[in-house]
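A short worksheet on the structure shown next.
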Amino acid sequence: RLDRMVQLLITGGLGFLGLQAARRFLWRNAVCTHGKIKPLTQLTLFDEHFPATPLPREIVDDPRVRVKTGDITEDGVAEELAEEDIAVIHLASMVSGDSEANPKRAWKVNVEAQRQLLEALSKRAPGARFLFTSSTATFGPMDADAPAGDSTKQLPQNTYGFHKVVCELMINEYARRGLVDARALRLPVVVVRPGAPNKALTTCWSSVVREPLNGEDVHLPVHADSVLPVASYQVVVRAMERLMLDVDAAQLGLDRTLTVPSLSASPRQLYEAAERLARQHGRPFGALHESIDATAARVVRSMGSSVDGSRAADLGLPQDESADSIVKAYADDYVQGGVEQLSVN
Numbered sequence: 001r002l003d004r005m006v007q008l009l010i011t012g013g014l015g016f017l018g019l020q021a022a023r024r025f026l027w028r029n030a031v032c033t034h035g036k037i038k039p040l041t042q043l044t045l046f047d048e049h050f051p052a053t054p055l056p057r058e059i060v061d062d063p064r065v066r067v068k069t070g071d072i073t074e075d076g077v078a079e080e081l082a083e084e085d086i087a088v089i090h091l092a093s094m095v096s097g098d099s100e101a102n103p104k105r106a107w108k109v110n111v112e113a114q115r116q117l118l119e120a121l122s123k124r125a126p127g128a129r130f131l132f133t134s135s136t137a138t139f140g141p142m143d144a145d146a147p148a149g150d151s152t153k154q155l156p157q158n159t160y161g162f163h164k165v166v167c168e169l170m171i172n173e174y175a176r177r178g179l180v181d182a183r184a185l186r187l188p189v190v191v192v193r194p195g196a197p198n199k200a201l202t203t204c205w206s207s208v209v210r211e212p213l214n215g216e217d218v219h220l221p222v223h224a225d226s227v228l229p230v231a232s233y234q235v236v237v238r239a240m241e242r243l244m245l246d247v248d249a250a251q252l253g254l255d256r257t258l259t260v261p262s263l264s265a266s267p268r269q270l271y272e273a274a275e276r277l278a279r280q281h282g283r284p285f286g287a288l289h290e291s292i293d294a295t296a297a298r299v300v301r302s303m304g305s306s307v308d309g310s311r312a313a314d315l316g317l318p319q320d321e322s323a324d325s326i327v328k329a330y331a332d333d334y335v336q337g338g339v340e341q342l343s344v345n
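Mapping of the sequence shown onto UniProt numbering: residues 1 to 345, in sequence order.
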């Protein structure tokens with residue numbers, strides 16, 4: 001008989017991080033179901049709607065890829081997405097700014113949708129590997145001298161962080177009951193995102209690199225010296241790959257969430273790293289201005305400035321070298337020569 005199709009589903013799959021993850025897993029050509037690594041025969045990208053910009057050619061042209069759109073909170077959608085022999089990377093969520101503005105809708109998207117997905121998987125694909133992306137916003141304000149780690153008591157001071165904590169507990173519960181091989185990555189601010197800013201209140205950590213390297217001034221809604229944990233999208237995608245394919249349940253134990261090893265950086269530090277790169281290549285470079293937004297500044301102050309990712313590092317998850325290496329990696333992909341493809345090295 002023909003082997004059954006082995007599928008990877010990425011929710012929020014048409015967003016920037018979803019497409020980067022898709023590239024990586026298509027290149028790796030592997031998915032883990034029931035503890036076994038198998039060739040990836042189908043990759044489903046699910047999102048609310050198509051992005052305004054065209055999808056990358058290598059994704060569109062790959063016969064393994066299919067795209068589905070819909071509202072993940074609607075009845076029956078989770079059941080439709082949950083198929084046999086499937087692994088899931090669950091990225092779909094409302095970002096911090098939108099969650100503050102509309103907490104009821106955010107609860108449905110950020111919490112209820114995950115519960116529905118896990119329930120559907122427990123029935124259709126029990127034991128499926130499921131990766132949820134949490135956030136360092138779960139920690140609340142932290143002293144820079146005492147980085148928040150996997151054993152830190154979480155006291156989120158924003159709606160987005162609160163929802164992510166609930167989802168982390170849900171991940172532990174479904175794993176404890178043996179229903180789903182659920183695990184989570186606590187992501188820092190992911191930089192540098194190309195294209196237009198999103199509604200995340202931390203989006204300016206990308207803007208301070210992207211706009212000035214494009215010769216444009218940048219206006220910060222938060223103080224330039226505000227410090228948050230950051231990681232490049234390349235490191236985050238490699239961390240997803242590692243946790244989905246190379247870390248088994250026994251290595252995680254009872255606590256199924258790992259904090260991604262991160263650097264602590266301010267917008268000013270990233271801006272200065274970009275300025276060094278621009279000077280090195282003789283590129284025009286935009287100026288930095290502060291235009292403080294009270295809500296953005298308050299929410300950013302409510303997030304921890306440094307994290308301890310040593311447990312993840314011990315399990316082989318990668319870390320960026322420096323602000324300069326983050327900026328250079330972004331420029332190699334999206335600035336110098338317009339390189340579009342994600343490096344797979």
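From the three backbone atoms N, C-alpha and C, an ideal C-beta is built for every residue, glycine too.
The structure displayed is predicted, hence computed values, not measured ones.
Checklist line | Opposing strand residues paired with Lys153 [DSSP bridges] | finding: Stepping through the sequence shown from its first residue, residue 153 is reached at position 153. Lys153 pairs with nothing; no bridge assigned.
Notebook entry, point to check: By DSSP, does His223 sit in helix, in strand, or in coil?
Noted result: Position 223 of the sequence shown, counting from 1, holds the residue named residue 223. Coil, per DSSP.
Check: When you compare only the Cα positions, how much space is there between Arg183 and Gly13?
Finding: Within the sequence shown, numbered from 1, the residue matching residue 183 stands at position 183. Within the sequence shown, numbered from 1, the residue matching residue 13 stands at position 13. Answer to the nearest angstrom: the Cα atoms are 18 Å apart.
Checklist line | First through last residue of the beta strand (DSSP E) which encompasses Ala87 | finding: Position 87 of the sequence shown, counted from the first residue, corresponds to residue 87. Segment Ile86 to His90, the beta strand (DSSP E) holding Ala87.
Note to self: Only counting the same chain, and skipping five residues up and downstream in sequence, which positions put a Cβ closer than 8 Å to that of Asn345?
What the structure shows: Translated into positions along the sequence shown, residue 345 becomes position 345. Residue placement at Asn345 is flagged as unreliable, the pLDDT there being 34, under the threshold of 50; a coordinate-derived value is accordingly withheld.
Notebook entry, point to check: Taking the continuous beta strand (DSSP E) assigned at Leu181, which residues delimit it?
Noted result: As a working note, residue 181 is residue 181 in the sequence shown. It is worth fixing the name first, because residue 181 is Asp in this sequence and not Leu. Start and end: Asp181 to Leu187.
Next item on the list: Spatial neighbours of Tyr174 within its chain, please: CB distance less than 6 Å, with the 5 preceding and 5 following residues excluded, ordered by chain position.
Entry: Here residue 174 refers to the residue found at position 174 of the sequence shown. Excluding sequence neighbours, Tyr174 sits near Leu118, Val180 and Ala182.
Note to self: Quick check on Asp320: does DSSP put it in helix, strand or coil?
What the structure shows: Your numbering for residue 320 matches position 320 in the sequence shown. DSSP places Asp320 in coil when its eight states are reduced to three.
Notebook entry, point to check: When DSSP labels each residue in this structure, what does Asp47 get in the three-state scheme?
Noted result: Walking along the sequence shown from the start, residue 47 turns up at place 47. DSSP places Asp47 in strand when its eight states are reduced to three.
Check: Just the Cα atoms here: how many angstroms apart are Arg24 and Asp71?
Finding: Along the sequence shown, one-based indexing puts residue 24 at 24. Along the sequence shown, one-based indexing puts residue 71 at 71. Straight-line Cα distance between these residues: approximately 25 Å.
Note to self: Determine whether the beta carbon atoms of Asp150 and Arg311 lie at a separation below 8 Å.
What the structure shows: Taking the first residue of the sequence shown as position 1, residue 150 is located at position 150. Taking the first residue of the sequence shown as position 1, residue 311 is located at position 311. Closer than 8 Å, so yes.
Next item on the list: Determine the closest residue to Asp62 out of His34, Thr44 and Ala52, with distance taken between C-alpha atoms.
Entry: By one-based count along the sequence shown, residue 62 stands at place 62. Considering only alpha carbons, the answer is Thr44.
Margin query: Just to confirm my understanding: we take Cys204, look at its own chain, exclude 5 residues before and 5 after, and list those with CB closer than 7 Å. What are they?
Written below: For the purposes of this step, residue 204 is taken as residue 204 along the sequence shown, with counting starting at 1. Excluding residues within five positions, the ones whose Cβ falls inside 7 Å are Leu220, Pro221, Val222 and Pro267.
Check: Going by DSSP, which residues form a beta bridge with Pro229?
Finding: To locate residue 229, count along the sequence shown from 1; it is residue 229. Bridge partners of Pro229: Ser264.
Next item on the list: Identify, in the order they occur along the chain, each residue of the same chain with its Cβ nearer than 7 Å to the Cβ of Val165, setting aside the five sequence neighbours on each side.
Entry: Stepping through the sequence shown from its first residue, residue 165 is reached at position 165. The residues are Thr138, Gln154 and Pro156.
Note to self: Rounded to whole angstroms, what is the Cα-Cα separation between Glu74 and Phe46?
What the structure shows: Taking the sequence shown and counting its residues from 1, the one referred to as residue 74 is at position 74. Taking the sequence shown and counting its residues from 1, the one referred to as residue 46 is at position 46. Using only the alpha carbons, I get a separation of about 14 Å.
Check: Is Glu100 helix, strand or coil when you go by DSSP?
Finding: Here residue 100 refers to the residue found at position 100 of the sequence shown. Here Glu100 sits in helix by DSSP.
Next item on the list: Determine the direct distance from the alpha carbon of Cys167 to that of Leu8, and round the result to whole angstroms.
Entry: Counting from 1 along the sequence shown, the entry for residue 8 is found at position 8. Counting from 1 along the sequence shown, the entry for residue 167 is found at position 167. So the alpha carbons of these two residues sit roughly 21 Å apart.
Notebook entry, point to check: Taking one C-beta from the region 240-247 and one from the region 14-33 each time, how about it: are there three or more such pairs within less than 8 Å?
Noted result: yes
Notebook entry, point to check: If we call anything under 8 Å between Cβ atoms a contact, is Val88 one with Pro39?
Noted result: What you label residue 88 is simply residue 88 of the sequence shown in a count that begins at 1. What you label residue 39 is simply residue 39 of the sequence shown in a count that begins at 1. Taking 8 Å as the Cβ cut-off, Val88 and Pro39 do not qualify as a contacting pair.
Check: So what's Lys199 in DSSP terms, helix, strand or just coil?
Finding: Here residue 199 is taken as the residue at index 199 of the sequence shown, counted from 1. Reduced to three states, the DSSP call for Lys199 is coil.
Next item on the list: Using the Cα positions of Lys123 and His90, report the straight-line distance between them to the nearest angstrom.
Entry: Stepping through the sequence shown from its first residue, residue 123 is reached at position 123. Stepping through the sequence shown from its first residue, residue 90 is reached at position 90. Spanning the two alpha carbons is a distance of roughly 18 Å.
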